[in-house]
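First up is the structure itself, then whatever we jot down about it.
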Amino acid sequence: MHRVRGRPTGGTHVTAGDEIRGMAHGTAPVPLSVLDLVTVGAGRTASDALRTSVDLAKLTEARGFHRYWVAEHHSMPGVASSSPAVILAHLAAYTERIRLGSGGVMLPNHAPLVIAEQFGTLEAMAPGRVDLGLGRAPGTDGATAAALRRTDRLNEGADDFPQQLAELTRFLDDDFPDGHPYRRIHAVPGPVQATSPGGVQSPHRPPVWLLGSSGFSAQLAGMLGLPFAFAHHFSAQNTVPALDLYRESFRPSEVLDAPYALIGVAALAADDEKEARRQVLAAALNMVRLRTGRPGLVPTPEEAEAYDFSPMEREFVESWNANVIHGTADEVRAGLDDLQKRTGADELMLTANAHGGDVRVRSYELIADAYGLPTPA
1 MHRVRGRPTG
11 GTHVTAGDEI
21 RGMAHGTAPV
31 PLSVLDLVTV
41 GAGRTASDAL
51 RTSVDLAKLT
61 EARGFHRYWV
71 AEHHSMPGVA
81 SSSPAVILAH
91 LAAYTERIRL
101 GSGGVMLPNH
111 APLVIAEQFG
121 TLEAMAPGRV
131 DLGLGRAPGT
141 DGATAAALRR
151 TDRLNEGADD
161 FPQQLAELTR
171 FLDDDFPDGH
181 PYRRIHAVPG
191 PVQATSPGGV
201 QSPHRPPVWL
211 LGSSGFSAQL
221 AGMLGLPFAF
231 AHHFSAQNTV
241 PALDLYRESF
251 RPSEVLDAPY
261 ALIGVAALAA
271 DDEKEARRQV
281 LAAALNMVRL
291 RTGRPGLVPT
301 PEEAEAYDFS
311 PMEREFVESW
321 NANVIHGTAD
331 EVRAGLDDLQ
341 KRTGADELML
351 TANAHGGDVR
361 VRSYELIADA
371 YGLPTPA
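Letter 30 of the sequence shown, counting from 1, is numbered 30 in our numbering, and no numbers are missing.
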């Protein structure tokens with residue numbers, strides 16, 4: 001496969017690693033970041049959820065979190081993140097330093113040229129702080145995936161992921177070889193603008209990350225020398241094997257000279273342990289409904305407490321919440337520290353799923369305090 005990272009021409013040189021590796025603050029063992037599903041609670045609107053995202057991005061930027069990613073999901077009433085690029089453009093207007101990215105865009109759902117154009121536009125809006133995280137799953141059920149892709153050959157999309165990735169990175173670098181049918185097609189904004197009279201190319205290009213919940217993307221990311229993000233928050237049993245495979249498969253590239261892996265972690269801190277348990281129970285009920293074909297808005301803690309869980313549902317909830325680090329700020333800090341030691345993750349990306357936006361914002365505030373992260377002036 002061709003190189004996956006072009007070197008910019010002109011302007012200040014920016015190395016890819018500078019745009020990938022973060023810096024730990026306070027007593028955090030590694031950089032801390034945010035994964036936002038833009039969750040919508042019962043009695044709330046998508047507008048409410050998006051206002052929470054703005055508040056959360058501003059807070060976490062001020063407290064020294066490294067990056068803020070939005071995940072692509074479809075046909076889920078409780079998740080308002082179907083259009084990551086649109087949300088990231090909105091957040092770019094309210095932030096100045098925190099990295100913004102997709103966690104991720106599900107590449108088989110889209111034409112690679114469209115994604116190159118979208119993220120080239122985001123890069124122009126927020127120069128030097130845009131990440132392009134890519135996944136090969138649909139981010140939804142099969143019927144919705146078929147509607148998105150206008151085909152029912154869904155396996156074909158996943159199997160073609162390496163080829164789609166190669167096409168996307170060629171559009172990002174504007175380096176299709178002579179004779180290629182796309183040689184005269186250019187993703188704009190993009191490098192082609194530097195070749196026009198008076199053109200100047202930005203020194204930045206969104207770094208590509210591969211996302212995964214199994215070994216496929218872990219191995220591919222390693223072979224290509226790309227950074228890797230693993231979905232520990234819903235595939236915890238595969239975390240260590242996938243990270244081991246990534247590191248074993250890693251080949252130095254123009255992007256990275258050593259592996260760099262972050263893991264997505266479900267974590268929710270509250271002012272007392274009982275309240276944390278109430279909040280994660282509501283989020284778990286939401287997952288029960290989703291997994292049984294009844295997706296809806298995130299229920300309130302009161303609804304979850306009154307819900308009559310079947311034995312099978314109760315078993316699922318206990319299993320699910322076993323991988324959600326929750327409790328007081330000190331308990332969450334201890335859980336995150338332990339997880340980082342066990343996995344060797346280079347970065348922890350925290351996702352807090354709860355009914356109320358205020359609960360989510362408070363969770364990140366408490367975690368920041370527990371680690372002594374920077375406080376706004």
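Note that CB positions come from ideal geometry on N, CA and C, so glycine has one too. None of the values given here were measured: they were computed from a predicted structure.
According to the DSSP secondary-structure assignment, Tyr68 is paired through a beta bridge with Val34, Leu100.
Restricted to the segment 198-256, the alpha helix (DSSP H) segments that are unbroken, complete and at least 4 residues in length are 215-224, 239-249, listed in chain order. A direct Cα-Cα distance of roughly 10 Å separates Trp69 from Ala85. Note on His204: 16 or more other CB atoms within 10 angstroms of its CB, so buried under the neighbour-count rule.
At a Cβ-Cβ threshold of 9 Å, Leu134 and Val208 count as neighbours. At a Cβ-Cβ threshold of 9 Å, Arg21 and Tyr260 count as neighbours. Here DSSP, grouped into helix, strand and coil, assigns Thr39 to strand. In the structure shown, the three-state DSSP call for His326 is strand. DSSP, reduced to helix, strand and coil, places Asp369 within a helical segment of the structure shown.
Within 10 angstroms of the beta-carbon of His180 lie fewer than 16 other beta-carbons, which makes it exposed. Scanning the segment 289-313 for uninterrupted alpha helix (DSSP H) segments of 4 residues or longer gives 301-306, listed from N- to C-terminal end.
The residues Ala329, Val332, Ser363, Leu366, Ile367, in chain order, have a CB closer than 6 Å to that of Ala269 in the same chain once the five nearest residues on each side in sequence are set aside. A distance below 7 Å between beta-carbons, with the five flanking residues on each side excluded, links Thr121 to the following residues of its chain, in chain order: Pro189. Look at the beta carbons and you see the segment 301-319 not touching the segment 332-344: under three pairs across the two are nearer than 8 Å. Rounded to whole angstroms, the gap between the alpha carbons of Leu100 and Leu50 is 15 Å.
Exposed is the label assigned to Gln163, since fewer than 16 other Cβ atoms lie within 10 Å of its Cβ. According to the DSSP assignment, Leu59 belongs to the alpha helix (DSSP H) that extends over 46-62. Contact between Leu37 and Val79 holds, since their C-beta atoms are separated by about 5 Å, short of 8 Å. Rounded to the nearest whole angstrom, the C-alpha separation of Glu273 and Leu281 is 12 Å. Residue pairing by DSSP puts Met349 in a beta bridge opposite Ser33, Gly264.
Leu168 and Ala116 do touch by the CB rule: their CB atoms are close to 6 Å apart, below 8 Å. Distance from the CA atom of Gly199 to the CA atom of His186, rounded to whole angstroms, is 15 Å. By the neighbour-count definition (other C-beta atoms within 10 Å, threshold 16), Gln237 is an exposed residue. Here Asp178 is exposed: its Cβ has fewer than 16 other Cβ atoms, across all protein chains shown, within 10 Å. Pairwise C-beta distances place the segment 227-237 out of contact with the segment 301-309, as fewer than three of them are shorter than 8 Å.
One thing to note: Leu35 has its Cβ no nearer than 9 Å to the Cβ of Gly128. Per DSSP, the continuous beta strand (DSSP E) segment holding Val130 begins and ends at 130-135. Separation of Asn323 and Ala266 (C-alpha to C-alpha, rounded to the nearest whole angstrom) is 7 Å.
The DSSP-derived three-state label of Met106 is strand.
By the neighbour-count criterion, in which a residue is buried when 16 or more other Cβ atoms sit within 10 angstroms of its Cβ, Glu72 is buried. Assigned with DSSP and collapsed to three states, Ala269 falls in strand. Selection Leu172, Ser214, Ala306, Ala28 evaluated against Arg278 yields Ala306 as nearest (Cα-Cα).
Nearest in C-alpha terms to Thr144, of all of Ser82, Pro227, Glu61, is Ser82.
DSSP, read as helix, strand or coil, puts Val188 in coil. By the 16-neighbour rule on beta-carbons within 10 angstroms, Thr27 is exposed.
The secondary-structure analysis by DSSP pairs Val79 across a beta bridge with Thr39.
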